[in-house]
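Have a look at the structure below before the remarks.
Numbering (my numbering), first residue to last: 227 to 615.
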């Protein structure tokens with residue numbers, strides 16, 4: 227049965243998990259990935275990491291996996307996820323259902339559930355998640371100059387979020403369909419009356435709701451979803467806030483991203499990534515384009531630079547060295563601007579770095595990654611499951 231591996235014994239699964247925990251625990255001593263999340267972002271990352279961990283364990287029918295985390299915004303902590311893999315309709319891809327909780331040392335926490343499935347021999351793909359988060363984060367203001375000055379206020383953000391996406395294959399490798407997102411957010415400034423007035427959050431944004439719907443187009447020709455050597459992945463997402471659906475705003479936001487993978491030899495892969503984001507006028511501060519989000523360019527705290535538009539492009543060389551060890555080098559540049567129409571006024575933000583890779587199991591093509599990246603006025607060490615893009 228696709229996606230179900232009866233031959234993976236409990237002993238094998240525990241060995242894989244113990245390797246994951248041991249290496250993750252070591253990385254926790256050093257790691258400080260530059261990330262600052264909206265309240266629903268931990269649920270998204272929780273589901274992605276849990277799915278990758280499940281693939282690493284051979285896609286067994288039931289997996290409980292601890293995922294350590296550490297970053298300068300949320301502190302050190304742990305995500306505990308329970309994931310079920312099953313295949314009731316003999317789909318090329320297994321159905322995945324999971325739940326998880328997250329807690330960090332600065333008082334941030336979250337809980338959520340996620341599900342993905344495919345129907346009619348992968349003609350239809352349905353994904354969803356829902357969760358609650360309480361995040362203690364920093365807000366630097368809006369625009370490149372706010373990010374450069376490095377002054378922030380502490381925010382306490384409590385939010386309930388949900389997402390449901392359904393796509394249909396219209397031609398080979400091309401999927402299209404609607405996506406709905408909801409976020410109910412309450413923000414409190416822990417140190418009011420900041421030195422810079424633009425660090426104040428408008429009251430109507432501090433306690434507000436997003437209710438967004440829009441189309442999502444995906445082209446996926448990768449030979450492997452977690453560690454591709456060849457192929458392309460392109461995604462276009464255009465979300466509209468609709469007051470008739472309960473949103474407090476009438477803004478819209480478009481995100482375009484693309485990856486290209488090419489093998490340079492049996493042991494070397496070139497990976498390219500580019501993205502652009504644009505948010506219309508009237509978008510609340512927490513839904514603007516956040517530079518460095520989703521590993522668009524490592525080395526920056528996502529949220530330090532936020533504005534009406536961002537873009538980024540990077541290249542990465544992935545090299546297998548010996549045994550289960552690999553290494554990467556990467557570099558790129560991007561920028562932020564008030565809108566997509568002002569990209570010529572971009573504030574350029576370069577970054578580069580390198581990292582190591584370890585493959586815990588020979589049965590699966592999933593790596594643990596440890597990356598060090600240097601950006602403008604910042605640097606960061608990342609630890610995660612699967613490649614950055």
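The C-beta atom is built at its ideal place from N, Cα and C for all residues, glycine as well.
Return the chain-ordered list of same chain residues with a C-beta closer than 7 Å to the C-beta of residue i, the five sequence neighbours on each side being excluded.
i, result
"residue 579", "524, 525, 556, 597, 598, 599, 600"
"residue 380", "362, 364, 416, 417"
"residue 420", "379, 426"
"residue 550", "584, 585"
"residue 399", "445, 446, 447"
Taking buried to mean at least 16 other C-beta atoms within 10 Å of its own C-beta, is residue i buried or exposed?
i, result
"residue 586", "buried"
"residue 571", "exposed"
"residue 532", "buried"
"residue 493", "exposed"
"residue 613", "buried"
"residue 324", "buried"
"residue 375", "exposed"
"residue 340", "buried"
"residue 540", "buried"
"residue 315", "exposed"
"residue 592", "buried"
"residue 422", "exposed"
"residue 309", "buried"
"residue 516", "buried"
"residue 548", "exposed"
"residue 396", "exposed"
"residue 510", "buried"
"residue 347", "exposed"
Under 8 Å by Cβ, that's how I've got residue i and residue j pegged, so tell me the actual separation to the nearest angstrom.
i, j, result
"residue 565", "residue 535", "5 Å"
"residue 427", "residue 466", "Actually they do not touch by this definition, with Cβ atoms about 23 Å apart."
"residue 350", "residue 392", "7 Å"
"residue 368", "residue 514", "7 Å"
"residue 615", "residue 521", "6 Å"
"residue 455", "residue 449", "6 Å"
"residue 459", "residue 485", "4 Å"
"residue 328", "residue 335", "6 Å"
For the alpha helix (DSSP H) that contains residue i, what are its first and last residues?
i, result
"residue 372", "370-375"
Which partner residues does residue i have in the DSSP bridge list?
i, result
"residue 391", "353, 405"
"residue 459", "446, 485"
"residue 587", "DSSP, once it has assigned bridges, lists no residue as partnering residue 587."
"residue 428", "Answer by DSSP bridge pairing: none, since residue 428 is not bridged."
"residue 542", "497, 556"
"residue 362", "382"
"residue 292", "306"
"residue 595", "583, 610"
"residue 438", "407, 467"
"residue 576", "559"
"residue 433", "412"
In chain order, what residues of the same chain have a beta carbon less than 6 Å from the beta carbon of residue i, not counting five sequence neighbours either side?
i, result
"residue 560", "523, 537, 538, 575"
"residue 542", "497, 554, 556"
"residue 569", "563"
"residue 408", "388, 437"
"residue 413", "381, 383, 427, 432"
"residue 463", "442, 481"
Can you tell me where the beta strand (DSSP E) with residue i in it begins and where it stops?
i, result
"residue 496", "494-505"
"residue 605", "604-611"
"residue 550", "Neither: residue 550 is in no beta strand (DSSP E) and is coded neither H nor E."
"residue 326", "321-330"
"residue 342", "335-345"
Can you list, in chain order, the residues of its chain whose CB lies under 8 Å from that of residue i, leaving out five sequence neighbours each side?
i, result
"residue 430", "474"
Compare the C-beta of residue i against all C-beta atoms of chain D and say whether one is closer than 9 Å.
i, result
"residue 583", "Included in the structure is just one protein chain, with no chain D present."
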